[in-house]
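S.K.: Each protein sequence line maps, in turn, to chains V and X. Residue 41 in the working numbering sits at position 39 of the first sequence; the count goes up by one each step and never skips. Residue 727 in the working numbering sits at position 8 of the second sequence; the count goes up by one each step and never skips. Virtual Cβ for every residue (Gly too), placed ideally from N, Cα, C. Computed from a prediction, not measured in an experiment: that's the story for all the values here. Take a look at this one; I'll ask things after.
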Amino acid sequence: GAGVSQTPSNKVTEKGKYVELRCDPISGHTALYWYRQSLGQGPEFLIYFQGTGAADDSGLPNDRFFAVRPEGSVSTLKIQRTERGDSAVYLCASSPSQGLYEQYFGPGTRLTVT
Amino acid sequence: GENVEQHPSTLSVQEGDSAVIKCTYSDSASNYFPWYKQELGKRPQLIIDIRSNVGEKKDQRIAVTLNKTAKHFSLHITETQPEDSAVYFCAANYNQGGKLIFGQGTELSVKP
């Protein structure tokens with residue numbers, strides 16, 4: 003079956019602009035996770051959803067970052083007033099449920115803020 | 720606290736040798752420990768995982784061991800092949816939930 007998909011694959015934006023990153027999880031997976039990965043580092047947790055609600059948003063770095071999952075499937079990560087330090091690969095993962103279930107990653111969106 | 724330490728950061732072995740990567744974690748409530756393989760420019764790929772109710776799990780040439788008392792877990796790859804070359808990440812879940820804390824990664828190079 004289809005895996006996790008993310009769009010766009012690459013996004014270049016100017017400092018101060020607003021961006022939206024989209025994630026389509028594996029069909030039927032109720033848990034969805036956002037991580038970001040800088041060069042040479044492991045993925046860093048941002049937020050995860052169980053269904054439509056954010057179960058843990060402790061990794062969002064500040065209030066410029068926001069994520070939604072209104073129908074419990076597709077999720078959008080929104081970044082306002084982008085800064086150069088936001089440049090990274092944003093990874094999405096999904097799992098059948100939260101907790102002790104395998105998380106399968108999408109290909110990521112490479113965000114570059116100039 | 721939430722911390723996963725991974726060693727070594729780089730590892731070079733000859734084809735056919737074994738490779739071992741070690742991780743320690745700080746959250747005593749962690750009960751799920753996956754390992755991911757990431758090739759350059761690609762997504763992290765789950766290769767094996769272990770839950771806290773077992774001490775060892777094996778899948779062909781890959782095995783993972785867990786010592787909950789010491790908060791250590793390790794990845795063992797036997798009979799390494801050049802296609803095993805990649806960056807490997809360990810992770811532990813936080814407070815028995817879905818949030819994963821990742822180690823810093825180990826770049827494994829298998830020389831033919």
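Measuring alpha carbon to alpha carbon, tell me which residue in V:Glu73, V:Val76, V:Tyr37 is nearest V:Asp59.
M.R.: In the first sequence, residue 59 of chain V corresponds to position 57, counting from 1. The residue with the shortest Cα to Cα distance from V:Asp59 is V:Tyr37.
S.K.: At a Cβ threshold of 9 angstroms, is X:Trp810 touching chain V?
M.R.: Counting from one through the second sequence, the residue named residue 810 of chain X turns up at place 91. Looking at the sequence itself, residue 810 of chain X is Ala, so the reference to Trp does not match. Yes, its Cβ sits closer than 9 angstroms to a Cβ of chain V.
S.K.: Rank V:Gly74, V:Ala90, V:Ala57 by C-alpha distance to the C-alpha of V:Ile81 and give the top, closest one.
M.R.: In the first sequence, the residue the question calls residue 81 of chain V occupies position 79. Residue V:Ala90 is the option with its Cα nearest to V:Ile81.
S.K.: Output the distance between the C-alpha atoms of V:Thr54 and V:Phe47, rounded to the nearest integer angstrom.
M.R.: Translated into positions along the first sequence, residue 54 of chain V becomes position 52. Translated into positions along the first sequence, residue 47 of chain V becomes position 45. So the two alpha carbons sit approximately 18 angstroms from each other.
S.K.: Cutting at 6 angstroms between CB atoms, please list the residues of its own chain near V:Thr114, excluding the five before and the five after it.
M.R.: Within the first sequence, numbered from 1, the residue matching residue 114 of chain V stands at position 112. These residues qualify, in order along the chain: Val14, Ser89.
S.K.: For X:Gln779, is the classification buried or exposed, using 16 other Cβ atoms within 10 angstroms of its Cβ as the cut-off for buried?
M.R.: Stepping through the second sequence from its first residue, residue 779 of chain X is reached at position 60. Exposed.
S.K.: Does the beta carbon of V:Asp58 sit closer than 9 angstroms to a beta carbon anywhere in chain X?
M.R.: In the first sequence, the residue the question calls residue 58 of chain V occupies position 56. It does: the Cβ of V:Asp58 has a partner Cβ on chain X nearer than 9 angstroms.
S.K.: Please identify the residue among V:Phe68, V:Tyr103, V:Arg86 whose C-alpha is closest to the C-alpha of V:Arg24.
M.R.: Within the first sequence, the letter at position 22 stands for residue 24 of chain V. Measuring from the Cα of V:Arg24, the nearest candidate turns out to be V:Phe68.
S.K.: With a threshold of 9 angstroms between beta carbons, is V:Pro63 in contact with chain X?
M.R.: Along the first sequence, one-based indexing puts residue 63 of chain V at 61. With 9 angstroms as the cut-off, V:Pro63 does not count as an interface residue toward chain X.
S.K.: Got a sec: is the Cβ-Cβ distance from V:Ala90 to anything in chain X below 9 angstroms?
M.R.: Numbered from 1 along the first sequence, position 88 holds the residue referred to as residue 90 of chain V. It does not; no Cβ of chain X falls within 9 angstroms.
S.K.: Kindly say whether V:Pro10, judged by its beta-carbon, lies nearer than 9 angstroms to any beta-carbon of chain X.
M.R.: Mapped onto the first sequence, residue 10 of chain V falls at position 8. Chain X, which has no Cβ nearer than 9 angstroms to the Cβ of V:Pro10, makes this no.
S.K.: What in chain V is Cβ-close to X:Asp768, meaning under 8 angstroms?
M.R.: Residue 768 of chain X sits at position 49 when you count from the first residue of the second sequence. Glu104, listed in chain order.
S.K.: Which term fits X:Leu819, buried or exposed, when burial requires 16 or more other beta carbons within 10 angstroms of its beta carbon?
M.R.: Here residue 819 of chain X refers to the residue found at position 100 when the second sequence is read from its first residue. Buried is the call here.
S.K.: Counting only beta-carbon separations shorter than 9 angstroms, does V:Phe107 have a partner in chain X?
M.R.: Counting from 1 along the first sequence, the entry for residue 107 of chain V is found at position 105. For V:Phe107, the answer is yes, since a Cβ of chain X falls inside 9 angstroms of its Cβ.
S.K.: Where does V:Arg38 sit, in a helix, a strand or coil, going by DSSP?
M.R.: As a first step, residue 38 of chain V is located in the first sequence; it is residue number 36 there, counting from the start. The answer is strand: DSSP assigns V:Arg38 an E or B state.
S.K.: Can you pull out the residues from the segment 35 to 48 of chain V whose beta carbon lies closer than 9 angstroms to at least one beta carbon of chain X?
M.R.: Residues passing the 9 angstroms Cβ filter: Tyr35, Tyr37, Gln39, Gly42, Gln43, Gly44, Pro45, Glu46, Phe47.
S.K.: Can you give me the start and stop residues for the beta strand (DSSP E) that X:Thr743 sits inside?
M.R.: Counting from one through the second sequence, the residue named residue 743 of chain X turns up at place 24. Element bounds for X:Thr743: 738 to 744.
S.K.: Under the three-state reduction of DSSP, which class applies to V:Arg86: helix, strand or coil?
M.R.: Locating residue 86 of chain V in the first sequence gives position 84, where the first residue counts as 1. Three-state result, V:Arg86: helix.
S.K.: Leaving out five residues before and five after X:Asp746 in sequence, what residues of the same chain have Cβ atoms less than 7 angstroms from its Cβ?
M.R.: Taking the second sequence and counting its residues from 1, one reaches residue 746 of chain X at position 27. Glu721, Ala811, Tyr813, Asn814.
S.K.: Excluding the five sequence neighbours on either side, which residues of its own chain have a C-beta within less than 7 angstroms of the C-beta of V:Pro139, listed in chain order?
M.R.: The structure shown does not extend to residue 139 of chain V, since chain V spans only 3 to 116, so no value can be given for it.
S.K.: Are any of the Cβ atoms in chain X nearer than 9 angstroms to that of V:Gly53?
M.R.: Stepping through the first sequence from its first residue, residue 53 of chain V is reached at position 51. By this cut-off, V:Gly53 is not an interface position.
S.K.: Between the Cα of X:Val808 and the Cα atoms of X:Glu775, X:Pro801, X:Leu765, X:Ile769, which residue gives the shortest distance?
M.R.: As a first step, residue 808 of chain X must be located in the second sequence, where it is residue number 89. One detail in the question is off: residue 808 of chain X reads as Phe in this sequence, not Val. Cα-wise, what sits closest to X:Phe808 is X:Leu765.
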